[in-house]
Structure formats: C-alpha cells, structure tokens
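Chains as they are written, first to last, in the numbering used here: chain A, 1 to 543; chain B, 1001 to 1348.
Idealized CB from N, CA, C, for every residue including glycine.
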Amino acid sequence: MRVNYWSASSSAIALTLAIPLFVVVANIFVPAGEVWQHLAETVLRDYVVNSLLLMLGVALLSLTLGVGTAWLVSMTEFPGRRMFEWALLLPMAIPAYIIAYTYTGMLDFAGPVQTTLRELTGWGYGDYWFPEIRSLEGAAIMLALVLYPYIYLLARAAFLSQSLCVLEVSRSLGNGPWRTFFSVGLPLARPAIAAGLSLVLMETLADYGTVQYFGVDTFTTGIFRTWYGLDNAPAAAQLAAILLLFVVVLVTLERYSRRQARYHDSGRRKSPLTRLPLRGWGRLGASLFCLATLLFGFLLPAGQLGLWAIDTYEEMIDQRFATLVFNTLKLAVLASLLALVTALLLNYARRLQPNRTVRFAVRAAGMGYAIPGTVIAVGVVIPFGWFDNTLDSWMREQFDISSGLLLSGTLAALLFAYLVRFLAVSLHAVESGLERITPSMDEAARAMGERPASILGRIHIPMLKGSLLTALLLVFVDVLKELPATLILRPFNFNTLAVRAYELAADERLADAASAALAIVIAGLIPVFLLSRSLSQSREEKK
Amino acid sequence: MKSELELKDVAVAYDGTTVIEGVSLSLKPGVIGSLLGPSGCGKTSLLRAIAGFEPLSCGEIHLNERLVSQPGNSVPTEQRRVGMVFQDFALFPHLSVAKNVAFGLKNMDARQRDARVNELLQLVGLGHLKDAHPHQLSGGQQQRIALTRAMAPRPDILLMDEPFSSLDTELREQLAREVRELLKRDGITAILVTHDQLEAFAMADVIGVVGEGQLHQWDTGYNIYHKPQNRFVADFIGQGVMLPGKVSEKLAIDTELGRIKGELPEGCKPGCEIELLLRPDDVLHDDESTLRLEVKEKAFRGAEYLYTLALPSGQPILCLVQSHHNHKVGERIGITLDVEDIALFPVR
Chain A
1 MRVNYWSASS SAIALTLAIP LFVVVANIFV PAGEVWQHLA ETVLRDYVVN SLLLMLGVAL
61 LSLTLGVGTA WLVSMTEFPG RRMFEWALLL PMAIPAYIIA YTYTGMLDFA GPVQTTLREL
121 TGWGYGDYWF PEIRSLEGAA IMLALVLYPY IYLLARAAFL SQSLCVLEVS RSLGNGPWRT
181 FFSVGLPLAR PAIAAGLSLV LMETLADYGT VQYFGVDTFT TGIFRTWYGL DNAPAAAQLA
241 AILLLFVVVL VTLERYSRRQ ARYHDSGRRK SPLTRLPLRG WGRLGASLFC LATLLFGFLL
301 PAGQLGLWAI DTYEEMIDQR FATLVFNTLK LAVLASLLAL VTALLLNYAR RLQPNRTVRF
361 AVRAAGMGYA IPGTVIAVGV VIPFGWFDNT LDSWMREQFD ISSGLLLSGT LAALLFAYLV
421 RFLAVSLHAV ESGLERITPS MDEAARAMGE RPASILGRIH IPMLKGSLLT ALLLVFVDVL
481 KELPATLILR PFNFNTLAVR AYELAADERL ADAASAALAI VIAGLIPVFL LSRSLSQSRE
541 EKK
Chain B
1001 MKSELELKDV AVAYDGTTVI EGVSLSLKPG VIGSLLGPSG CGKTSLLRAI AGFEPLSCGE
1061 IHLNERLVSQ PGNSVPTEQR RVGMVFQDFA LFPHLSVAKN VAFGLKNMDA RQRDARVNEL
1121 LQLVGLGHLK DAHPHQLSGG QQQRIALTRA MAPRPDILLM DEPFSSLDTE LREQLAREVR
1181 ELLKRDGITA ILVTHDQLEA FAMADVIGVV GEGQLHQWDT GYNIYHKPQN RFVADFIGQG
1241 VMLPGKVSEK LAIDTELGRI KGELPEGCKP GCEIELLLRP DDVLHDDEST LRLEVKEKAF
1301 RGAEYLYTLA LPSGQPILCL VQSHHNHKVG ERIGITLDVE DIALFPVR
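This is the structure:
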C-alpha cells in the first residue's frame, strides 16, 4: 500500500498539537494528594462561583453593547453611523489586562477622576463613597468593554445578511419596525449572537491578567497559585482540566450556533436595506450610545495611556526597552512564521487529499483557540520537563553528560504553546484565501498547459499573497498581546512587552507601564484595520 | 477522414464505484458534439476523463490519433492540447482580461501574443475590456472571456462543461448561437456537456444521450428526437406518449388510432405486441378529419397550444396546434396522424 504523506503528516501535526490537551486530561488520574483535598475544601468553590459570576456579568454587558451597537449601525441611520461602523471595533486592540490597570489608575484615590471630584466638592479622604473598580464587577466591566466587538461583528454580519424579503414580509403583515426587529430580526440573528457570545466567554475564561490584578479568584489565578505557590503540578493540571470542561461547553455552544446560523441564513439579499432613519431623541440616543461605548472601550483608556507615556517615556524608553521590543518581535515573528507554515501544510493537505483523516486532523489542530493560555502552558511544561529530566538522567547514566534543559524553559516551549493556541487564526486566514482558488481554476491552468508546480507560482502565490500576510499579522499581534502562557513558559530573564507592562502595573508603576502597553495597543490596531477594511469591502460587493 | 476524438469502451469509477461505462464514440475534426443527460448521469465524469482529470477504469481514449488514457496510464492534462470551459468559468481574478486570455500562450513572443489576444477579443466583441478584471464583467462577458481563453492556444479539442448554466435563460440561447458560429468559423472540434436539450440541439452536430451510467445513443438531434433507440432516450428527449399496438401481418402497426404504415425497425415480427412513440408533432389537427377526440387539457405555448386528447379507451395523446385554433376543454376536435419515423419499444 502506498503511504499517504498528506494524511500521515497532517495527523502527526494534529497529534503533536494535542499533547498539552492530552497531558492536562491525563493528569486527572494522577493523585495530587493532600493539596487537592485542601483545594477542594477551601478555594475550589470560590473559583467556580467567581468564574461563573464573571461570565454572567461579561455576558450581560457585552450582549447589551454588542447587539445594541450592531443593530443601530446596520439597521438605522443616525449621525456618525458610517464612522461608528468601523470605530466600534477599536476596543479589540486593547488587551483586557491593559484596560484594567488603565482604569485602575484613572479611578483610584490619586487618579484624575477622584481628584477632580474632590476639587469640585471640597470633600476629603473618607468623606464620600466611590465604586471600587478592583472587584469582580469591575473585572466584568473591563472584559466586556474590550470583548463586545466579537458579538458586534457577528451580529452585524447577521443583521446585514438578513434577506430584505423576510423583513418586508413582516412589515407587510402589519408589524412596525420595532416589532419586526424583536419578532424577526433578533431571532434570526440569535445563532450568530450566541456564537459571538461563546467567543467572548472563552476569552473571559482565558483571562489571567485582569482577574489577577483585581484580586478575583478564578480558575486561571488558581492554576497559577497552585503551580507556583503550592508547587503541585498535578493539582494545577486538575484545575486546568475543570476549566477545560467549561471550555468544552462553550465550544459546543459555538459549533452548534454556527450550524444553526447557516440554517437561519435566509438567502441572498438583492437590494440594499433601507435603514430606519432615527429622529429626535432616538437619533441623539443612538449616537450617544455608540459614542459612550467607543469612549469607554477605547478613547479614554488609550488617551490615558498616551498621557502616561508622554510623562514617562524618557525614562522608560532605553536600552532595556529596546531589548524588550527586540525579544517580543523575535518571538512574534518566529511564532507567526511557524503558524503560517503549519497552516499552509494542513490546508494544502486538505485541498489535495480531502479524506476523512485529513479533515479531522485539520479541525483538531485548530482546537487550541478555545483553550486558555494557562491550560496550554501547564500542558506544555509537564511533558517538556519530563522529557528533559528523563533524557538528562539517561545521558548521565550512559555517558555521564548532563543534557540539561533542552525544551522546557526555552523559546521552543513558548513557540510550541503559541502554535497550539494561535494556529486556528492562521488556518482560517489561509483557508479563506485558498477557498477563492476554485478547483476549476487549477484545472483551467492545466488545460492550458501548466504543470502543477508552475500553477503554484502563477495562480496560487499571487492569489494567496494577501491572505498569507493577514495570517502572519494576526498571529503576530496575538503573540504580542498574550500574557499567561508567556509568563509561565518564558526562559529565565526573558521579558516581552506584555510581561513587562504587566509586571510594572503589578508593582503599581502604572504610568511607567504605559510605553510598553501603548506599543501593544498600537500593534493591536493592525487586525482592527484589516477587519474594518474587509467590512467596507463586503459593503462594496453588496452594492 | 481521421477522427479528432475517439473513445473505446470507456469506464470511469470513483473509489471503486463505476459512474459511467461502456462508452464508445468518435468525433471528426470540426464537428461539435454534445453529451446530454440528467444531472448525476456521468456526463461530466466522461468529459473530465477526456480532459485527463479522471483516470479510466476501463477502455481507451485517443485524442488526435494519440492514445492519451487507458487504465493505469494517463497523459497529464497539460500535455493533451485540450481547451476547457468550466461551469463557473474559472477566470483568474488576479489577472486582467487580456492576461487571462494570454495565460496559455507560452510559446509566443510578446508581440505575437498581443496580436492573438487582440484578435480573439475583437472576435468576441470585448476588445474594449482587455484591461478590466473578471469581477468587473457581466456573466455573459465572463463566459465569452472563458471561451476565448480556452480557444487562444488553438487546442485540438475544446471541452465545455455546462458553459451556459450560470447565465440567464435569454442570454443562454443567444450565446449558444454565437459560440456555435465562432467554433464553426475556426473549424474547432468541441464537446459540450449539458442537461438542457434545447442547448444541445442549438449547439451540436451530434448528440450523445447519457443516463444511468451509459451512453444510450450517439446521433444527430433529429434522430435522437424521432428515432430514439431506447425508452430512456424517448422519455428524456422532448414530449410524447407511448401508444400500445400490434405489428400486423403486412408489417404495419394496428393501434387504437388505426393502422400506421411506415418502415419498421428490424426484428419486428407480425403479431408482436409493441408500444409506439407518438410525439406531439406526429398528431396534426384537421377540422375535416372524421377521427375526433375529446380535449382533456390544454396548455398555451404562445405560438401553439399543446392539447391533451383522450382516445376512447382513455389513453391520452398529445397534439401540438397553432394557437389560433383555440378549442375548449371537452370539445371534440379532428386529428390526423403523420408519423414519418416509427419508433417501437417492447411492452414493459
């Protein structure tokens, strides 16, 4: 029998990428002794309750912001609508831990808000009540402010793709525009909204920086504490496994919703929707609602970071900062190239050999996007450490040489973790590019006398260029923003912008952290720009 | 005269399931052939086998007197000198119209290539669009560019897979005529795959009716309509009814409509129970006729009415009548038979 190289190599990639997952799940069966008993009796309940409450809060707020703004910009007309359509994506550029410490700096006792309040009223310390941002509610608000764009994007697309006919049928049956929205528009968009919500909740579960900074005990902080504080790997892995259980529920919800969304697709729209022109208070309210979302989600925190950076950049931007930037870029470039090569290999395997094994392998390889960085990190450290120790002791016994740490504590471990977590991004970008090259284009080229290799050069590479660049950029930015896996897996004394910003903020040096944070936010604008460009392109095509 | 394309007992299979088998046909240079059949009948597989995209599980394909396909051995598509037009046109979106057309022109210098591209674009009346990109063209324009691109390298044979199916109905007929004219002018040998019999009639000199994994008949349009070789062809092409009858002693057929005379196919023995294919145009309306039948249903077709008439036994027959002969349902109208070609089938 001939060996099928595509099936074999894509299965090998998928299996390798699944190692962290297998390790975490397998650790359920490793006795963690008294530590687990201790965890279960004391903090486990808090982790579950806090994680659930956090998810609930984020869900409510991000739904309000995401669905509300999506409906306004896609179905109605009001001043600034065209600008808000892309500007509402801007909060995606700010990682949650950065917005969290920015708001902390703005709202704490010495911050600009309370200072102004005291100046206006003449109150002193202890004279008044001020909401505490560093709380579970605060964390929910921070996360929702930067995560709602997931819902916004999917809900907006769903509203725009709704067949005008369906809405017109409702109008012709005597329903007004509002009733039509609640009885037809919203239910039709529900699967898309649910898919967006599950992405938001996955990010919420994966968050470490915000909850740690605000002192909210959730699974991610629990895993860190068990790992570093109690030095108990099996117990940390078991916490990670419970966290995975939550993730599985969300992934199932997302998959199910996306399938439903296909059924709910009510067909191609022929003519552009006539937007409902808002008047009077509605008009003002719509503008204000979108403006407030944008203001709190992006303009205020980004502005504050800018002010701090202006204050502190002279001290902060030095040789050390340059090393930081260089480290970060090196890591992000390597990771995005690695992800791109892997994604190309898997996508071509699926194109050229679309059998069941390959299709399953490609899907499995993309699962990492749902797994929190903390969980992946735990799943990487345990097997890599075991490998290094085993090899080392074997080398000592056999050759009296110490092989030391080959995998764990090196960039290799970190790059592998990034690949597991972000491959899906690359896979998706390459896939959407490759889809545009229909099989009949390959065949047309062959009929005109081209060999497969030259088809790659004359058709595939020119047509894929844009998608490949997108794939690189998106992973690049994701690596830049990633915090928890980097914290656990980075080599000793190896810092990135995200880690440095986080450490400075944790030391209450908020203004000093601004330069690194602002660099991350600016890089984060790249995917927002790409997204908003594809939004306006899809609008052009509809015309 | 040599033949441009020859298929000998060809079969195509996917994963061990045979989709089409036992196909033999040949096509002379300059002739336009068509493979006509319902969807999923294997006609596209056959075309793709000719192009070299599918391997054969049995038989041989010769292109321009060269053996190009046999089981386990296939000349790659790029060495076959075939042109192919796809259902979705498969224009390269990153290339301009001129560059799309020039794609297959490799063994020419730049000046020759430009000249060939310009000549072809003028021919299809799209010279002014040479710098446009495919997405800026209408469906009909894209179709013409796809055809031009396939014709540019002067292939030995042009293969067209449902080339008109993504276009509007009115555009289809017009383009089919235009394309036929173009191919005939350059004497191009071509095969068109389609499920639309009118398209096949309009384009092709010779039509192969494909169904249920085999080629049923390879013949002219007139013959597959009036002299179908089996029931599948008779049912698939046009309209008509099967009229029961009996071969009489004098080698004519006795039916409820009387004795029908004509040249009978071979193998018809007197006394044999058979069914006769009666097309709507075999039944003529004649007010003078003594044979009068009741109108059961009528369908207005613009120039004609299609009447469904009932014989005394209840057997329906179809009759195509100029539309100013407007009769009511229930009325009895006179008819005469004018069966020129007799198509007989054994009783089921």
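So, does the CB of B/E1078 fall closer than 8 angstroms to a CB anywhere in chain A? The residue labelled residue 1078 of chain B in the question sits at position 78 within the second sequence. So yes, B/E1078 belongs to the interface.
Review point. What are the complete alpha helix (DSSP H) segments, minimum 4 residues, inside the segment 22-53 of chain A?
Key: 34-42
So, at 6 angstroms on beta carbons, what are the nonlocal neighbours of B/E1006 in its own chain, with the 5 sequence-adjacent residues on each side left out?
If you number the second sequence from 1, residue 1006 of chain B lands on position 6. The answer, listed in chain order, is S1026 and H1062.
**Message:** Measuring alpha carbon to alpha carbon, tell me which residue in B/F1103, B/A1204 and B/S1166 is nearest A/E450.
**Reply:** The sequence position of residue 450 of chain A within the first sequence is 450, counting from 1. Cα-wise, what sits closest to A/E450 is B/F1103.
### Query
Below 8 angstroms between beta carbons: does that hold for A/L472 and A/S336?
Numbered from its first residue, the first sequence carries residue 472 of chain A at position 472. Numbered from its first residue, the first sequence carries residue 336 of chain A at position 336. Their beta carbons are under 8 angstroms apart, which means A/L472 touches A/S336 by this criterion.
| message | With H, G and I counted as helix, E and B as strand and the rest as coil, what does DSSP make of B/Y1305? | response | Taking the first residue of the second sequence as 1, we reach residue 1305 of chain B at position 305. Judged by DSSP in its simplified three-state form, B/Y1305 adopts strand.
Looking at the secondary structure, which residues open and close the alpha helix (DSSP H) in which A/K481 lies? For this step, residue 481 of chain A is matched to residue 481 along the first sequence. Note, A/K481: alpha helix (DSSP H), I461 to K481.
* Mapping DSSP to helix, strand and coil, what is B/S1024? -> Working through the second sequence from its first residue, we reach residue 1024 of chain B at position 24. Looking at B/S1024 - three-state DSSP - the assignment turns out to be strand.
query: For a contact meaning CB atoms closer than 9 angstroms, what does A/P462 contact in chain B?
result: Taking the first sequence and counting its residues from 1, one reaches residue 462 of chain A at position 462. The answer, in chain order, is F1092, H1094 and L1095.
Query raised in the report: Does DSSP classify B/E1273 as helix, strand or coil?
Result: On the second sequence, position 273 is the one that residue 1273 of chain B refers to. Strand at B/E1273.
Could you name the residues of the same chain whose beta carbon sits closer than 6 angstroms to that of A/Y148, not counting the 5 residues immediately before and after it, in chain order?
In the first sequence, residue 148 of chain A corresponds to position 148, counting from 1. Only S62, L65 and G66 meet the Cβ criterion.
Does the CB of B/P1134 have a neighbour CB from chain A at under 8 angstroms?
For the purposes of this step, residue 1134 of chain B is taken as residue 134 along the second sequence, with counting starting at 1. Taking Cβ atoms only, chain A never reaches closer than 8 angstroms to B/P1134, which makes this a no.
inquiry  = By the three-class DSSP mapping on this structure, what secondary structure does B/C1268 have?
reply    = For the purposes of this step, residue 1268 of chain B is taken as the residue at position 268 of the second sequence. The answer is coil: DSSP assigns B/C1268 none of H, G, I, E or B.
Buried or exposed, going by whether 16 or more other CB atoms sit within 10 Å of the CB of B/L1091?
Here residue 1091 of chain B refers to the residue found at position 91 when the second sequence is read from its first residue. With 16 or more Cβ atoms within 10 Å of its Cβ, B/L1091 is classed as buried.
message: Between which two residues does the alpha helix (DSSP H) holding B/K1043 run?
response: Along the second sequence, read from residue 1 onward, the residue named residue 1043 of chain B stands at position 43. Residues K1043 to A1051.
Against chain B, does A/I401 count as a neighbour if the rule is that its beta carbon must be under 8 angstroms from one of theirs?
Stepping through the first sequence from its first residue, residue 401 of chain A is reached at position 401. Chain B contact via Cβ: absent.
Cβ pair count under 8 angstroms reaching 3, the segment 224-237 of chain A against the segment 490-501 of chain A: no
Would the beta-carbon of A/R421 fall within 8 angstroms of that of A/A485?
Position 421 of the first sequence, counting from 1, holds the residue named residue 421 of chain A. Position 485 of the first sequence, counting from 1, holds the residue named residue 485 of chain A. Cβ atoms of A/R421 and A/A485: closer than 8 angstroms.
Report task. Would you list, in sequence order, the uninterrupted alpha helix (DSSP H) runs of no fewer than 4 residues that lie entirely inside the segment 133-209 of chain A? Result -> With a minimum length of 4 residues, the continuous alpha helix (DSSP H) runs that stay inside the segment 133-209 of chain A are 136-161, 164-172, 177-180 and 186-206.
| Quick one: Cα of B/E1021 to Cα of B/L1264, how far? | Working through the second sequence from its first residue, we reach residue 1021 of chain B at position 21. Working through the second sequence from its first residue, we reach residue 1264 of chain B at position 264. Cα-Cα distance, rounded: 30 angstroms.
Local conformation of A/K270 per DSSP, three classes
Your numbering for residue 270 of chain A matches position 270 in the first sequence. Residue confidence for A/K270 is low, a pLDDT of 49 falling below 50, so the modelled location carries little weight and cannot support an answer.
Going straight from the alpha carbon of B/G1262 to that of B/L1105, what length do you get? Sequence index remark: in the second sequence, residue 1262 of chain B carries index 262 (1-based). Sequence index remark: in the second sequence, residue 1105 of chain B carries index 105 (1-based). Rounded to the nearest angstrom, the two C-alpha atoms are 55 angstroms apart.
Task: Cβ pair count under 8 angstroms reaching 3, the segment 28-36 of chain A against the segment 104-112 of chain A - done: By the Cβ rule, the segment 28-36 of chain A does not count as touching the segment 104-112 of chain A, because fewer than three pairs are nearer than 8 angstroms.
Worksheet item: Can you find at least 3 beta carbon pairs, one from the segment 515-528 of chain A and one from the segment 1008-1021 of chain B, that sit closer than 8 angstroms?
Response: no
Original post:
With distances taken between CB atoms, is the gap from B/I1157 to B/I1191 smaller than 8 angstroms?
Top reply: For the purposes of this step, residue 1157 of chain B is identified with residue 157 of the second sequence, where counting begins at 1. For the purposes of this step, residue 1191 of chain B is identified with residue 191 of the second sequence, where counting begins at 1. Closer than 8 angstroms, so yes.
Below 8 angstroms between beta carbons is the criterion; list the residues of the segment 1163-1174 of chain B that meet it against any residue of chain A, in chain order. none
Q) Between B/E1273 and B/V1347, is the Cβ-Cβ spacing less than 8 angstroms? A) For the purposes of this step, residue 1273 of chain B is identified with residue 273 of the second sequence, where counting begins at 1. For the purposes of this step, residue 1347 of chain B is identified with residue 347 of the second sequence, where counting begins at 1. Cβ distance < 8 angstroms, so B/E1273 and B/V1347 count as in contact.
Check your understanding: Quick one, are the C-beta atoms of A/L483 and A/Y213 less than 8 angstroms apart?
Key -> The residue given as residue 483 of chain A occupies position 483 in the first sequence. The residue given as residue 213 of chain A occupies position 213 in the first sequence. Contact check for A/L483 against A/Y213 fails: the beta carbons are separated by 8 angstroms or more.
Checklist line | Residue burial classification, A/K270 (beta-carbon count within 10 angstroms, cutoff 16) | finding: What you label residue 270 of chain A is simply residue 270 of the first sequence in a count that begins at 1. Confidence at A/K270 is low in this model, with a pLDDT of 49, below 50, so the placement of that residue is unreliable and no value is reported for it.
- Flag A/G449 as yes if its beta-carbon sits less than 8 angstroms from any beta-carbon of chain B, otherwise no. By 1-based counting over the first sequence, the position of residue 449 of chain A is 449. By this cut-off, A/G449 is an interface position.
| task | Output the residue ranges of the alpha helix (DSSP H) runs that lie fully inside the segment 1168-1248 of chain B and measure 4 residues or longer, sorted by chain position. | result | 1169-1186, 1197-1203, 1221-1226 and 1231-1236
Does the beta carbon of A/R436 come closer than 8 angstroms to any beta carbon on chain B? Start at 1 with the first residue of the first sequence, and residue 436 of chain A comes out as number 436. So, interface residue.
Practice item. Just mark A/E168 as buried or exposed, buried being the case when its beta carbon has 16 or more other beta carbons within 10 Å. Key: For this step, residue 168 of chain A is matched to residue 168 along the first sequence. Exposed, because fewer than 16 other Cβ atoms sit within 10 Å of the Cβ of A/E168.
Review point. B/L1276 and B/I1342: beta carbons closer than 8 angstroms?
Key: Numbered from its first residue, the second sequence carries residue 1276 of chain B at position 276. Numbered from its first residue, the second sequence carries residue 1342 of chain B at position 342. Contact flag set, yes.
Is the beta carbon of A/Y150 less than 8 angstroms from the beta carbon of A/G196?
To locate residue 150 of chain A, count along the first sequence from 1; it is residue 150. To locate residue 196 of chain A, count along the first sequence from 1; it is residue 196. Contact flag set, yes.
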